[in-house]
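Report on the structure given below.
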Amino acid sequence: MYYYNRKIRTGVIILSHILLVGGGHAHLTILRSLLNEKISHKITLISASTYQYYSGMFSGFTEGIYQEDEIRINLQQLCERASIEFIEDTIDKIDPITKTVIGKSGTTYTFDLISFDIGSKSKAFNQNTIKPNYLFTEEISMFRSSEAPTVVGGGAAGVELALSTLAWRKAQNIKGDVILVSSSPLLTSYGYKASKKITSIAKLKGIKMVENERVEHVKATTIVTKNGMKVPYTHVLSLTGPTGHQLFQSLSANENGFLKVTDYLQHRKYAFIFGAGDCITLESNPTLPKNGVYAVRQGKVLWKNIKHYLSAEILTTFKPQKKFLSIMSTGNKEALLSYGNIVLHGKLPWRLKHFIDKKFIKQHELK
1 MYYYNRKIRT
11 GVIILSHILL
21 VGGGHAHLTI
31 LRSLLNEKIS
41 HKITLISAST
51 YQYYSGMFSG
61 FTEGIYQEDE
71 IRINLQQLCE
81 RASIEFIEDT
91 IDKIDPITKT
101 VIGKSGTTYT
111 FDLISFDIGS
121 KSKAFNQNTI
131 KPNYLFTEEI
141 SMFRSSEAPT
151 VVGGGAAGVE
161 LALSTLAWRK
171 AQNIKGDVIL
181 VSSSPLLTSY
191 GYKASKKITS
201 IAKLKGIKMV
211 ENERVEHVKA
221 TTIVTKNGMK
231 VPYTHVLSLT
241 GPTGHQLFQS
251 LSANENGFLK
261 VTDYLQHRKY
271 AFIFGAGDCI
281 TLESNPTLPK
291 NGVYAVRQGK
301 VLWKNIKHYL
311 SAEILTTFKP
321 QKKFLSIMST
331 GNKEALLSYG
341 NIVLHGKLPW
351 RLKHFIDKKF
361 IKQHELK
């Protein structure tokens, strides 16, 4: 069953206020559409920062390949070009009954339809993480130059940042280990072949590996694992997986705090609430990985369904692809490409990644 807008009278469409919260991949798709598309409804984008940082280029920034201006999108200027309102604020609370949200600034915002694309939070043992994304450049600049930088987390983000940090330090002739602590073998969700390959690469390049050790707690200068191992550090980044936002607790979020939506990217109870990207969980596919590939594809479905909801038309289901291309930087302008059972490593995958990432940013540059 799809949910449509009941604010429609015979022959008359009542204009609505669409509130977009967050500047993630799906909402960027909407903004790009609005550059060439006119819509009569009022649209407002609220984001915690004027800039949306592109996580796909974080490893390149860490390694020193890209400058800060090359890895971010100016949301305010993009909104101006699309003729929609931009507000810099962080939404902390939502009241679905009154159709209002409250920002960190204390301001109350009203809406007729709301969509969330605010990404996820990191499960952190301390305050050091790379989320929200607009804090990344400051955090990583301190991290990579510390005496014993340590990453907790053996997923793609953790491995990428450990390897790119190591590459940067070697280029700067900075001595000392880059430590990677993981509770399991690296990249387990990518399959055995990719996991084995990235482990070999990390060891060959000189990452100090602490595998199969679950972190129990983090002290001032030491990480203590469940098995009692003590790992000294000077700066630690927690990249142990995504978690949701407290904001969604009033909307029957799942146990990890993610906004639950149907295949229409729509809240089941409150049909005027939509969501996409890492901040949501599909009821039909709760284990779907959090990555930008799905978020980009959700963007077109999300925008179509928002418009169809407001005009009482049938909504479209989002169907995630079974396989997706993943290219992970491994430092020194090399990358690991994986697609199903195909695993490749070297300069060519990195050049492909560089091309894709630069093309994505270029779509949002001012002409």
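Per UniProt numbering, residue 1 is the first one in the sequence shown, and the count goes up by one each step.
Cβ atoms here follow ideal geometry from the backbone N, Cα and C, with glycine treated the same way.
The structure displayed is predicted, hence computed values, not measured ones.
Check: What are the residues that DSSP puts in a beta bridge with S47?
Finding: E88
Checklist line | Those runs of the alpha helix (DSSP H) which lie wholly inside the region 214-249 and span at least 4 residues | finding: none
Next item on the list: Grab the span of the beta strand (DSSP E) containing Y264 for me, first residue to last.
Entry: No beta strand (DSSP E) contains Y264, which DSSP labels as neither H nor E.
Checklist line | Proximity to Q363 [Cα-Cα], best of K42, I18, I71, T44 | finding: I71
Margin query: Would you call the region 17-30 in contact with the region 57-65, where contact means no fewer than 3 C-beta pairs closer than 8 angstroms?
Written below: no
Notebook entry, point to check: Can you check whether the CB of G206 is closer than 8 angstroms to the CB of L166?
Noted result: yes
Next item on the list: Find the nearest neighbour of G191 within the set G340, L352, K347, L75, judged by alpha-carbon distance.
Entry: G340
Margin query: For M142, count the other beta carbons within 10 Å of its own beta carbon; 16 or more makes it buried, fewer makes it exposed. Which is it?
Written below: exposed
Item checked: Three-state secondary structure (DSSP) of A202 -> helix
Margin query: I'd like to confirm something about I174: is its beta-carbon nearer than 7 angstroms to some heavy atom of the ligand SAH, or not?
Written below: The ligand SAH is not among the ligands present in this structure, which contains no ligands whatsoever.
Margin query: Just to confirm, is the Cβ distance from M57 to E160 under 8 angstroms?
Written below: no
Check: Taking the alpha carbon of G153 as the point to measure from, which residue in Q172, F86, I223 has its own alpha carbon closest?
Finding: I223
Checklist line | Alpha carbon of S183 to alpha carbon of T98, nearest angstrom | finding: 44 angstroms
Next item on the list: Count the other CB atoms, across all protein chains shown, that sit within 10 Å of the CB of S326; report buried if there are 16 or more and exposed otherwise.
Entry: buried
Note to self: Tell me the rounded alpha-carbon separation between I8 and E138.
What the structure shows: Residue placement at I8 cannot be trusted, given a pLDDT of 46 that sits under 50; the coordinates are not used to answer.
Next item on the list: Identify the continuous alpha helix (DSSP H) that holds V301 and give its terminal residues.
Entry: 292-310
Next item on the list: Assign K93 to one of three DSSP states: helix, strand, or coil.
Entry: strand
Check: The beta strand (DSSP E) with P349 in it runs from where to where?
Finding: That residue, P349, is in no beta strand (DSSP E); its alpha helix (DSSP H) goes 347-362.
Next item on the list: Please work out which residues of its chain come closer than 8 angstroms, Cβ to Cβ, to L15, disregarding the five sequence neighbours upstream and downstream, and give them in chain order.
Entry: S40, H41, K42
Margin query: Between C79, S252, S83, E68, which has its C-alpha nearest L135's C-alpha?
Written below: E68
Margin query: Within 10 Å of its beta-carbon, does L288 have 16 or more other beta-carbons around it, so buried, or fewer, so exposed?
Written below: exposed
Checklist line | F355 versus P349 - alpha carbon distance | finding: 10 angstroms
Notebook entry, point to check: Does the separation of the CB atoms of V301 and L265 fall below 8 angstroms?
Noted result: yes
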